[in-house]
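Peer 1: Going down the list, the protein sequences come from chains D, S, U and G.
Just so you know, we're using the numbering used here here: the first sequence kicks off at 1 and counts up by one.
Just so you know, we're using the numbering used here here: the second sequence kicks off at 227 and counts up by one.
Just so you know, we're using the numbering used here here: the third sequence kicks off at 453 and counts up by one.
Just so you know, we're using the numbering used here here: the fourth sequence kicks off at 679 and counts up by one.
Protein chains: 4
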Amino acid sequence: MASIPELEEIRRNQILEAALSTIAETGAAHVTMDDIAQAAGLSKGGLIHYYRSKNELFQATFKELFERIFELSRESMAQHSDPMEKILAFDFLYDLENPYTRQGYPLLFDSMALAAREPDYQAMFDAWVDRWIELLTGAIRQGIADGSFVEMDPDPLARTISAIYHGIAIRWYLAPRSHSSEWAVNSFRTAIGGAMAPYRKKTGQDAEKGQGTGNTLMEMNRNPAA
Amino acid sequence: MASIPELEEIRRNQILEAALSTIAETGAAHVTMDDIAQAAGLSKGGLIHYYRSKNELFQATFKELFERIFELSRESMAQHSDPMEKILAFDFLYDLENPYTRQGYPLLFDSMALAAREPDYQAMFDAWVDRWIELLTGAIRQGIADGSFVEMDPDPLARTISAIYHGIAIRWYLAPRSHSSEWAVNSFRTAIGGAMAPYRKKTGQDAEKGQGTGNTLMEMNRNPAA
Amino acid sequence: MASIPELEEIRRNQILEAALSTIAETGAAHVTMDDIAQAAGLSKGGLIHYYRSKNELFQATFKELFERIFELSRESMAQHSDPMEKILAFDFLYDLENPYTRQGYPLLFDSMALAAREPDYQAMFDAWVDRWIELLTGAIRQGIADGSFVEMDPDPLARTISAIYHGIAIRWYLAPRSHSSEWAVNSFRTAIGGAMAPYRKKTGQDAEKGQGTGNTLMEMNRNPAA
Amino acid sequence: MASIPELEEIRRNQILEAALSTIAETGAAHVTMDDIAQAAGLSKGGLIHYYRSKNELFQATFKELFERIFELSRESMAQHSDPMEKILAFDFLYDLENPYTRQGYPLLFDSMALAAREPDYQAMFDAWVDRWIELLTGAIRQGIADGSFVEMDPDPLARTISAIYHGIAIRWYLAPRSHSSEWAVNSFRTAIGGAMAPYRKKTGQDAEKGQGTGNTLMEMNRNPAA
DNA sequence: AATGAATGAGCCTTCATTCAT
DNA sequence: AATGAATGAAGGCTCATTCAT
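1) Return the first residue and the last residue of the alpha helix (DSSP H) that residue 507/U is part of.
2) Just to confirm before moving on: does the CB-CB distance between residue 536/U and residue 600/U stay below 8 Å?
3) Compare the Cα-Cα distances from residue 699/G to each of 767/G, 745/G, 690/G, 778/G and report the closest residue.
4) Taking the alpha-carbon of residue 312/S as reference, which of 396/S, 301/S, 264/S has the nearest alpha-carbon?
5) Cutting at 7 Å between CB atoms, please list the residues of its own chain near residue 644/U, excluding the five before and the five after it.
6) Determine, for residue 350/S, whether the minimum Cβ-Cβ distance to residues of chain D falls below 8 Å.
7) When the Cα of residue 146/D is compared with those of 56/D, 201/D, 16/D, which residue comes out closest?
8) Which residues in chain D have a C-beta closer than 9 Å to the C-beta of residue 248/S? List them in chain order.
9) Quick one: does residue 104/D have its CB under 8 Å from some CB of chain S?
10) Can you confirm whether residue 411/S, when its beta carbon is compared against all beta carbons of chain D, has any partner nearer than 8 Å?
11) State the DSSP-derived secondary structure class of residue 866/G, mapped to helix, strand or coil.
12) DSSP on residue 542/U, reduced to helix/strand/coil?
13) Given a cut-off of 8 Å, decide if residue 819/G and residue 659/G are closer than it, judged by their beta-carbon atoms.
14) Please list, in chain order, the chain D residues whose beta carbon lies closer than 9 Å to that of residue 194/S.
15) Please report the Cβ distance between residue 110/D and residue 23/D, rounded to the nearest whole angstrom; I am assuming they are in contact, meaning their Cβ atoms lie under 8 Å.
16) Compare the C-beta of residue 646/U with all C-beta atoms of chain G and state if any pair is closer than 8 Å.
17) Which residues in chain U have a C-beta closer than 7 Å to the C-beta of residue 787/G? List them in chain order.
18) Whose C-alpha, out of 707/G, 759/G, 771/G, 750/G, is nearest the C-alpha of residue 736/G?
19) Measuring straight from C-alpha to C-alpha, what distance separates residue 868/G and residue 745/G?
20) If you reduce the DSSP assignment to three classes, tell me which class residue 426/S lands in.
21) Any beta carbon of chain G sitting closer than 8 Å to that of residue 595/U?
22) Note the first and the last residue of the continuous alpha helix (DSSP H) segment covering residue 160/D.
23) So the alpha helix (DSSP H) residue 581/U belongs to, where does it begin and stop?
24) For residue 827/G, which residues does DSSP report across the bridge?
25) Among the residues of its own chain, which have a CB less than 7 Å from the CB of residue 587/U, if the five just before and after it don't count?
26) Classify residue 499/U as buried or exposed, calling it buried when 16 or more other Cβ atoms lie within 10 Å of its own Cβ.
27) Residues in its own chain within less than 8 Å of residue 124/D by CB, not counting five upstream and five downstream?
28) Against chain D, with Cβ distances strictly below 8 Å, would residue 326/S count as a contact?
29) Could you spell out the range, first to last residue, of the alpha helix (DSSP H) harbouring residue 783/G?
30) Which class does residue 696/G belong to by DSSP, given the choice of helix, strand or coil?
31) Under the three-state reduction of DSSP, which class applies to residue 181/D: helix, strand or coil?
32) Measure the alpha-carbon distance for residue 728/G versus residue 697/G and round it to whole angstroms.
33) Does the beta carbon of residue 797/G come closer than 8 Å to any beta carbon on chain U?
34) Would you verify that the beta carbon of residue 241/S is, or is not, closer than 8 Å to some beta carbon of chain D?
35) Below 8 Å between beta carbons: does that hold for residue 397/S and residue 106/D?
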């Protein structure tokens, strides 16, 4: 019975995976236990064996969601060493080829609708934001340490940056007719570049280039295309 | 029977009002036709008389929601004549004393969760964004015309600005433990100030003040308090 | 809409009737809402319209049961004017031709199993007993007043008498193989006669007859038949 | 493997013990196989290994119940040598300090609800009554033999006596608010004393005392306290 | 116009039973 | 012998929708 200690773990992952994808597809408001069970390759009863109620399963699922989003962010930032690059390392947000991204959006919308009314979900959302802020303040502190940013309290800035990401990503996902991925990428580079500007030390190069924040939107705007 | 057309109008408003408040309270996922009927002072049958199905009523309700939010934005901007002031005229977003604001957030979260999956709601959301963008591009064009902003395509900038509002407002509402109203107000002034910077013509005064965008966060960050 | 005020009353009676007969048949432990709805000629939803939960319906049903049993007892006693006859007026208990009797037994067993564990049902049972005791104390008081019984506190005696009825009825119903109706009738006349004996004033006639309590069991026993 | 037959015995007792206590607590209507398995310190599968179905286990459990009640009665009577004392030897019925008594009542109520509808349980109930009757007829026969009772068929009298016990015990257990243990004890002494009266030979002593049946209720009634 | 009685599909959850290990 | 994972039927309850009045 070597497999039994692992079985619980395997099944729970199987179920969370199924829950994430069915909720993403159908919506937390409409998904049924049957949908999830079927997606997990289990019977309704089998599902209940691992998560005793829909609420318990939902909470675990959204906890998992936030865990995964956090992991994705952490890994994205870890691929860069320059602090400003770390801060701008969220291009994956605008890549629907990435199945995690594609699935993540609808789940995130559900999580916010839940968090807007239920304290448990609000707490999860809050905790996730906190962890994200920690990543960003880490990068900012590194920038202060290496002299590329001025001295400051990194926390409010990190909150602003992450909120900007949040806003642009949502807008981009919900209004694809009018918001291209390019708009999204440029947009947050503009906005974050702007938000960061006062805190960045001007180098000779940057001073010449003006913003030096990768703000391609400026150029785009000055040479309107569409 | 001159009163019948009026009655229809009255009843429909009564119902939409009830739908808005009950959905805000209970959530689109859980609200029932009974809840809404009761809030409207009607019976279930009376409700169905005016909106033949829950879906029809929901669509009308969210249409009304976007209409109201738009009206609120339009009025807020109309109170200012300076283009930059118009762009920054959204302080009402961080005022939960305002019942419209308080009710608006949960409804907006529901609308996004719906829009993330159902084309009808996505179209509504998109259309609302478009009208908001129009307001902002109007202000930007005015700024270009009166010489306070440089020449540019106002549309992408307007989209960025509105997305920033969106992101900060959401973050502020969902994580009240860590995001004060002051953070929110300062945050969007910083971010929008930053995003606008490249497009604003430096006046003598502004040049002296540096950003001149009402960026109180900068000062806050440099003199960390908590 | 003249019928609407009465409809609620009609339906509730219809449902209670259905509940009484289906519970009697199937048992409180196994009867389903569907069973009851069907017996009442309604759909499941229609049933719930009148009784919002199974528990609510069950409580109403057992309340009705005790009401009916009480009414039956009251009427039986009312047919007699002599106090001793009133006390002995429960022959209907041993008449399964009577549909109320036939239905009443299984319901009463369920009510006791419920009362043994759930305070609400215990309270109902208790209240029913109290009302029965009142009937009996009334008869005893009448007997004291008209001089056929000696002075005493009628309450404990009434409780004993009703308990005897209870015991004999139960035994008779559950072990029909060995307890004939005649045994039951004789048995309670014996037992109650015995219990009453000390409190009855001996008349000349009675003194000669010995017991004078209608104790036919004695004769039966002395001339064993089966 | 001499121990295997013993293990079977041990496990079955373990299970019956668990079934008796969980059913007593939770009620036959609501107890689950899991409850019983857990109380027995076994898994669901382990339970099924010994009793192939819930029905099989229930039947065995109630058989065990009647066996135990009978044993208790037998032992109580065996402690007395005088026939009248044997007949009155059921004081343990009113002693909730006794765990068997405390557990026995709810189980007995369940057994009656079952017996009222299912022949198997009715047969068990009937058989239990028969064995009880045998105990009582034995005592009565002894009384006839030693000259303290008159000649008679002891069977109907025994049935009456046991039914009286049954009725008073039930009433006492279900309506504790109004029936004290003293009432119960006095009550069955009164009732049984009354029922026995015609069959007892008057001794000089008894003749003087009147009933001589331990009828303390009579005195209580004549000197009402509350 | 408006009511609310009635329906019935659908959902979450429970639980006896089966079965691989 | 014993476990507990898994099944699936069944039940209580919800709720959008219909319809007679």
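Glycine included, every Cβ here is placed at the ideal spot set by N, Cα and C.
Peer 2: Looking at the coordinates:
1) Residue 507/U -> alpha helix (DSSP H) spans 506-530.
2) Residue 536/U places its beta carbon less than 8 Å from that of residue 600/U.
3) Between residue 699/G and the set 767/G, 745/G, 690/G, 778/G, the nearest pair of CA atoms involves 778/G.
4) Checked all of 396/S, 301/S, 264/S; the closest Cα to residue 312/S is 301/S.
5) Here the set comprises 539, 540, 613, 616.
6) Against chain D, the CB of residue 350/S has no partner CB under 8 Å away; the residue lies outside that interface.
7) For residue 146/D, the closest C-alpha among the options 56/D, 201/D, 16/D is that of 201/D.
8) Near residue 248/S there are no residues of chain D at all, since even the closest Cβ is about 12 Å away, more than 9 Å.
9) Judged by the 8 Å Cβ criterion, residue 104/D is not in contact with chain S.
10) Judged by the 8 Å Cβ criterion, residue 411/S is not in contact with chain D.
11) Here residue 866/G sits in helix by DSSP.
12) Reduced to three states, the DSSP call for residue 542/U is coil.
13) This structure cannot speak to residue 659/G, because chain G is shown only from 679 to 904.
14) The first residue shown for chain S is 227 and the last is 452, placing residue 194/S beyond what the model contains.
15) Going by Cβ atoms, the distance from residue 110/D to residue 23/D rounds to 6 Å, so yes, they are a contact pair.
16) Cβ-Cβ to chain G under 8 Å: yes for residue 646/U.
17) Neighbourhood of residue 787/G in chain U, by CB distance below 7 Å: 564, 565, 568, in chain order.
18) Nearest C-alpha to residue 736/G: 707/G.
19) Rounded to whole angstroms, residue 868/G to residue 745/G spans 28 Å at the Cα level.
20) Assigned with DSSP and collapsed to three states, residue 426/S falls in strand.
21) It does not; no Cβ of chain G falls within 8 Å.
22) Secondary structure note for residue 160/D: its alpha helix (DSSP H) is the uninterrupted segment 154-174.
23) Where residue 581/U is concerned, the enclosing alpha helix (DSSP H) stretches over 571-597.
24) Residue pairing from DSSP places residue 827/G in a beta bridge opposite 878/G.
25) The answer, listed in chain order, is 525, 526, 529.
26) It counts as buried.
27) For residue 124/D, where only same-chain residues beyond five positions count, the Cβ hits under 8 Å are 59, 62, 63, 66, 111, 115.
28) No, residue 326/S lies away from the interface with chain D (no Cβ there is under 8 Å from its Cβ).
29) It spans 777-793 - the alpha helix (DSSP H) in which residue 783/G sits, taken as one unbroken run.
30) Residue 696/G carries a helical assignment under DSSP once its states are collapsed to helix, strand and coil.
31) Assignment of residue 181/D by DSSP, reduced to helix, strand and coil, places it in the helix class.
32) If you draw a straight line from the Cα of residue 728/G to the Cα of residue 697/G, it is about 13 Å long.
33) At a cut-off of 8 Å between C-beta atoms, residue 797/G does not count as an interface residue with respect to chain U.
34) Not an interface residue.
35) No, the Cβ-Cβ distance between residue 397/S and residue 106/D is not below 8 Å.
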